[in-house]
Structure formats: C-alpha cells, structure tokens
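Step one of this worksheet: look at the structure below.
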Amino acid sequence: MNPWLKFVSKRLAGLVVVFFAASFLVFSLLYLAPGSPISFLLGNRSGTPEQIAAIRAQYHLDDPFLTRYAAWLGGILHGDLGQSIVYRQDVAALIGARIPTTAALVGYASVIILIVGVAIGLLAALRPGWVDATLRGGMTVALSTPPFVVGVLLILVFALSLGWFPVFGAGRGFADTVWHLTLPALALAGGGAAFLGRITRAATRGELARDHVETARARGLGESRVITRHVVRNALIPVVTVAGLTVASLVAGAVVVESVFAVDGLGSLLVRAILQRDFVVVQALVLLLVVTFIVINTIVDVIYLLVDPRIKA
Amino acid sequence: MNDHLVDVKGLCIDAPVGRLVDDVSFHIDSGEALGVVGESGSGKSLTARALIALTADGLRVSGSVRVAGHDVPGLRGRALRQFRGRSVGMIFQDPRAHINPVRSIGDFLVEPLVLERRQRPDAARRRVLAILDEVGVSDGARRLRQYPHELSGGLLQRVMIASVLAAEPALILADEPTTALDVTSQADVMAILTEQRRERGLALLFITHDLELAAATCDRTAVMYAGRLVETADSTGLQERPGHPYTSGLMVSRPSIDLRATRLPVVPGRPVAAFEAGPGCAFAPRCPHAQTACERERPEARESGGTMVACHRAAELAGSLPTTIEEVSVHG
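In order, the protein sequence lines correspond to chains A and B. Mapping to our numbering: the first sequence position 34 is 34, numbers consecutive. Count along the second sequence starting at 1, add 1000, and that's the number in our numbering.
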C-alpha cells in the first residue's frame, strides 16, 4: 500500500476515535455541571410538578445517561444538533449562520500570525544586536498582554481616536469584512505571532550553529542560499508544529475577542449560551471547537511528513 | 620554492581567551599528502579551517596562508565562495552531523554543482552517479533518493568524499574523517580516500590522532603540540627516527601485539593550549629530557634534510628516542 495513503488513513482512523472520546467527554461534563436547564426554562416561576415533568419529558431529561448520549450523538451524526432551549431554533442553523464570520476572523488572524510571526522570528535570529533585542522586547510585551486588553487598546486608538476602523460588527462583502475584522484579528493574533516569532528565532539560531551549515559554507554556497536552503528549511520543522497549535487555539481565543468587538460569531454565541445555560448549544459548540482542533492537528501531521523525511509515514 | 600548493607562514589564531595556534608554518605541494597529528585541542582542526577561511567569527587569524595562489585570509564574498567551491574540499569528522538531515543525498551532492557552477541538473546527476560508483557506493540511483538517516556512517562518509571529489579541488582537507566511524568502515573509507586522491593527483591535509595512520597514508607527517608544530618530517623517517620527544612519546604509548603490558606508558601530565604554555618549550613540563634551557627559551624550528624539529636538544637526542613500547619496557 502507498505509504501516504496508509499514513492518512491511519490518521483518519485516529481522528474518529478522538472524536468519539471527545464527544463523550463534552456530553458528560455538561451533564455533571451545576445548574439545570429547568431552572432557566421556568425562569423565576416555581413550576408545578406536572409542568416540570412535562419539560423533563420534552427534553428527555429523565432518560438514563447513556441513552441520552446515544440519542445526542446519533442526532449529530445525522446532522441534527438539536434545538436551542433559549432560541427554540435548530442549533445547526444558529451555528451555521455564524461560521463564516468566525472562520473569516480566525483565518485573518492565522495569516497575520504566520506572516508576521515567521518574519520577525527570522529577522531577530539573523540580525543579532539591537534589531534582535528590540524585536525580542516587543515579542515579550505582545506575549504577556491578554487579547482583551489588546482589543480595548486597539479600539481606543485606531477606532475611537483615529477613526480608521469601525468599533464593532463584522461587515458585509469581502472588503468591508476585512476592514471590520482587522482590529479583532490583530487582537487575536498578537500573542500567537509573538509566540511563533520566538519559536522561529530559537529554531533558526539553533540551526545556524549546526555542523551541516558549516559544510554548506565550506562548499562555497552563497550565504543567502545557506540561509534559505539549509537554515530556514530545517528550522521549519518546529515552526510548523507551533504554528499548527497556535492556529488551532485561535478558535477558542475568538470567544474573548468576538465579545470585546461585539462581532456576532461562534465565540459570542458560546458565551451567551453558557450564561443562559443553553446546554444544547454549548455542547454543539464545544464539540465543534474540539473537532476543529483535531482536524488542524491532523493537517499539521501531514505537513510534517512533507518537511521532515525522517518521520516515517 | 614559491610554487607550493599550500604555503602557510607564521599562522597564528587568537581567541578572546588567548592564543590557540602559534606561529605555524608548513607547505604542501601539488599531489602531496601531509598528515597533521596531535592531541585534542592542539590546534590541528583550527589550522585546517584556516586554509578554507572557516574559522569562527570570534577568532583572529594572522600570518600568511596561501592556497592555490590565493591569499586566503584576504578572500571575501564571491572570490571566497569560488575558492571554497573549486580549489579546496573539506571532509568533516562526523558525516551524520555535517550533512543536512532533511535533504536527500542527491540534493546534497548536486546542490553546489547546479547552484554555483550552473551545471545542468541531469548532467550534474550523471556526474555524481559516476563518482559514487568510484568511491564504492553501490546502487547510486537509489542512494540519491535516500536521506542521510537511511545510510550507515561509512556510506555517508563516502558520500561526503564523493561530494568533495565532484568539486574537483586541488586540495582536500580531511578533519579526522574516520574518527566517528566503526573500525571496519574506517579502513574502507581511508583506503578509498587514499586511492581516489592518488588517482586524481590531489593534495591532502589529513588531520588525525593516529600517528601510524598518518604515516601510512601521507608522504609527510607533522606533529602539533599546544598550537605549535613540533616536528615535520618524511613519514617513514619520522616513524623510524622521531626527532622530538613528544613524537616519541606518542609512539611509545601505542599498545603492542607482541608485548603483554600491565600498564601502557603514557605521556605524563595533560596537554595545554598555546596560551597556557610558558615562555619556553610548551612540552617541557611533560618532557623526560627537559633541561633548564627548555623552560626558559622557546626552541626555534630547525630544518635539516627536509626534517623540521623544534627542540633544544634535537641534535643530542637524534636517533636515540624510543619508537616502541618494547624499547621502553626493556629499559625500565
């Protein structure tokens, strides 16, 4: 069998296993969480035992745990994520309407992280002295400032004072969306770009000191070729791992940033659902986050094969 | 006298901590092999690196280093790259560390030919395949597709030798090319290196710990101690009549097949770096023949009949220094 095919099918099988394990965890954790949807549904009224029983029956709250899990999972596999308790709408529709916004935000931030992170990392590694020191200082600041602080600062400076960007909303159409999402994406990307920059710098420095780089120089290769073909090429291996993990974690980071910028995406939906104890929505969203994380990691594993021949398919 | 391929005069290499290579002078003619023997830290690798301008940035190189008509320390930019790519080839100690692990053998071998010499990729490939065959790497086409981790150390060192031969240099620098290999591959690799070098008439600077190996493969042998050359001589002459007590000490501390020894004789004390040595002979504190003059005054390198020895007592000791463990055991 083709080793590539074998590798990918093995990874896909692993993905399925992780999906089932994660879905079980997500479901059971919320089952164990304090607070019950009943209290929300009833509001401040104290319902009669008959009313409560009716609600429990409607949402299958009295079924055994495993039966409920099986019903939920079966629904998901058929594309039915259930009904939101609060909005009385299909969860699939609630989520589907917001995926483009969050995907645009996360995609935009990923592009910033990859380009800016790798660029400043390389620059810091290859220009020792004040360039390196300045960039390293900047990276430390960016890394230690939480996204909601960065978000508020960006709004104050670039939206309110300078008026270059809108204060909130996601925009319509490509150009408008990019314009609306620039500040949120920057807030979301800051820490990741700094982290990737540090990793890139360390990996590049480490590679520069390696013996095979001396060989390349001894053979008369030009310095720019030594850097691109040997130093950067080899430093890519750790950079790809960290880039994958950083991008995967953006999906979770979007929760905070969307709230700060009042962007109506999956993140703000999740926050609201948690506050309102809308269990069905929370379960679906958390599962979606987990699946996204796993899928991105699988993609990273495949890229790994391309950049490091020592990893056997 | 002026047309030596390599002509090094008064080479000194200084680090921030002090001097590492001190006033080294030697020459290598076209097609000639010079072995440089010394303990770790004696400056032999640094000396070789100075011939290809690969000394680390923090080191200061002074003195005259001329290789194939180039003033090596003065080379910069394109001229330096062309010199490294065409005039000199370097074989490093550990091929596994010195060949990029994530590029295929084919990429490694062809890279400078295509990028720096503008050969067509398929022509470069054919050429490299032929050389692989000559250095005893079978199934070359498959090897070119493989990666370094898929090859044994001995095979990888042959690939390194092939990469140097492909550049058609006039001089090969070999920095302990067999130290990282197992014993059987050591002999193979050494045999291939020697054979290819002779066939192509290339000069060789061979760096090793192993005095016997140097003498067996090289026309002349130089012995380094504490960053200085203490003796340079015709290899057979050096083997039979060592002129410097240190050379003799190295020979005597070799185990013998015929003699059962409970303890091997050693050169007492520890080796020093050039900057740690006193004003006199750097070897004096460890030398069984040292006299007060040796401690005070640095011995000049004296040349007679193609042999150079830097020892105050060279004339008196000539011919009397032991060369084997047996002689020492009989005497004491």
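Quick reminder that beta carbons are idealized off the backbone N, C-alpha and C, glycines included.
{"query": "Interface partners of Asp-1094 (chain B) on chain A, CB under 9 Å", "result": "Asp-211"}
{"query": "Beta bridge counterpart(s) of Arg-1228 (chain B) as assigned by DSSP", "result": "B:Tyr-1225"}
{"query": "Supposed close pair Thr-101 (chain A), Val-263 (chain A) - CB separation, criterion 8 Å", "result": "6 Å"}
{"query": "Any C-beta of chain A under 9 Å from that of Glu-1168 (chain B)", "result": "no"}
{"query": "Cβ-based neighbour list, Gly-1332 (chain B), same chain, cut-off 8 Å, excluding 5 preceding and 5 following", "result": "With a pLDDT of 42 at Gly-1332 (chain B), under the threshold of 50, the modelled position of that residue is not reliable, and the figure given next carries that caveat. Same-chain partners within the cutoff: there are none."}
{"query": "Pair within 9 Å by beta-carbon distance, Arg-1260 (chain B) and Thr-1323 (chain B)", "result": "no"}
{"query": "Spatial neighbours of Glu-258 (chain A) in its chain, beta-carbon cut-off 6 Å, leaving aside the 5 residues before and after", "result": "Gly-265, Gly-267, Ser-268"}
{"query": "Beta carbon of Thr-1318 (chain B) nearer than 9 Å to that of Gly-1243 (chain B)", "result": "Note on residue identity: the sequence assigns Ala, not Thr, to residue 1318 (chain B). The answer is yes: Cβ separation under 9 Å."}
{"query": "Meets three-Cβ-pair contact criterion under 8 Å: the segment 200-217 of chain A and the segment 1085-1101 of chain B", "result": "yes"}
{"query": "Residues bridged to Cys-1218 (chain B) [DSSP beta-bridge criterion]", "result": "Note: Cys-1218 (chain B) sits in no beta bridge, so no partner."}
{"query": "Start-to-end residues for the beta strand (DSSP E) that takes in His-1027 (chain B)", "result": "1018-1028"}
{"query": "Residues that DSSP places opposite Glu-1303 (chain B) in a beta bridge", "result": "B:Met-1308"}
{"query": "Candidates A:Val-17, A:Asp-132, A:Gly-220: closest to Arg-205 (chain A) by CA position", "result": "A:Asp-132"}
{"query": "Within chain B, the residues that Asp-301 (chain A) reaches when beta carbons sit closer than 8 Å", "result": "Here the premise fails: no neighbours, minimum Cβ distance about 17 Å."}
{"query": "Boundaries of the beta strand (DSSP E) in which Thr-1208 (chain B) is found, first to last residue", "result": "1203-1208"}
{"query": "Chain B contact residues for Pro-309 (chain A), given Cβ-Cβ distances below 7 Å", "result": "Val-1102, Tyr-1147"}
{"query": "Inside the segment 1054-1110 of chain B only - alpha helix (DSSP H) runs reaching at least 4 residues", "result": "1077-1082, 1095-1098"}
{"query": "contact_flag[the segment 1014-1025 of chain B, the segment 291-303 of chain A] where n(CB pairs < 8 Å) is 3 or more", "result": "no"}
{"query": "Residues near Glu-1295 (chain B) by beta carbon distance below 6 Å, same chain, minus five either side", "result": "Gly-1280, Ala-1284"}
{"query": "Cutoff 9 Å: Pro-1073 (chain B) Cβ touching any chain A Cβ", "result": "no"}
{"query": "Among A:Gln-283, A:Ile-311, A:Phe-293, A:Val-295, the one whose alpha carbon lies nearest that of Ala-92 (chain A)", "result": "A:Gln-283"}
{"query": "Cβ distance (whole Å) where Ala-1203 (chain B) is taken to contact Ala-1033 (chain B) below 8 Å", "result": "7 Å"}
{"query": "Asp-278 (chain A) - containing alpha helix (DSSP H), residue span", "result": "First-last for Asp-278 (chain A): undefined, no H or E at that position."}
{"query": "Exposure of Leu-306 (chain A), with buried meaning 16 or more beta-carbon neighbours within 10 Å", "result": "exposed"}
{"query": "Contact the segment 1143-1155 of chain B vs the segment 1103-1115 of chain B: 3+ CB pairs below 8 Å", "result": "yes"}
{"query": "Beta carbon proximity, Met-1001 (chain B) to chain A, threshold 9 Å", "result": "Unreliable placement is indicated for Met-1001 (chain B), whose pLDDT of 47 sits below 50; no coordinate value is reported for it."}
{"query": "Neighbour flag for Val-1137 (chain B) against chain A, beta carbons, 9 Å", "result": "no"}
{"query": "Segments of 4+ residues assigned as alpha helix (DSSP H) that fall wholly inside the segment 190-265 of chain A", "result": "211-218, 233-260"}
{"query": "Whether Leu-1051 (chain B) touches Leu-1171 (chain B) by CB criterion (9 Å)", "result": "yes"}
{"query": "Cβ-based neighbour list, Asp-1014 (chain B), same chain, cut-off 6 Å, excluding 5 preceding and 5 following", "result": "Arg-1060"}
{"query": "Limits of the unbroken beta strand (DSSP E) element including Asp-1122 (chain B)", "result": "Unbroken run through Asp-1122 (chain B) is the alpha helix (DSSP H), 1121-1134; no beta strand (DSSP E)."}
{"query": "Cβ-based neighbour list, Val-18 (chain A), same chain, cut-off 7 Å, excluding 5 preceding and 5 following", "result": "Ile-294"}
{"query": "Alpha-carbon to alpha-carbon, Gly-1063 (chain B) and Lys-1009 (chain B)", "result": "6 Å"}
{"query": "Beta-carbon spacing of Thr-200 (chain A), Ile-120 (chain A) below 9 Å", "result": "yes"}
{"query": "Limits of the unbroken beta strand (DSSP E) element including Val-16 (chain A)", "result": "Val-16 (chain A) -> not in any beta strand (DSSP E); alpha helix (DSSP H) instead, spanning 3-32."}
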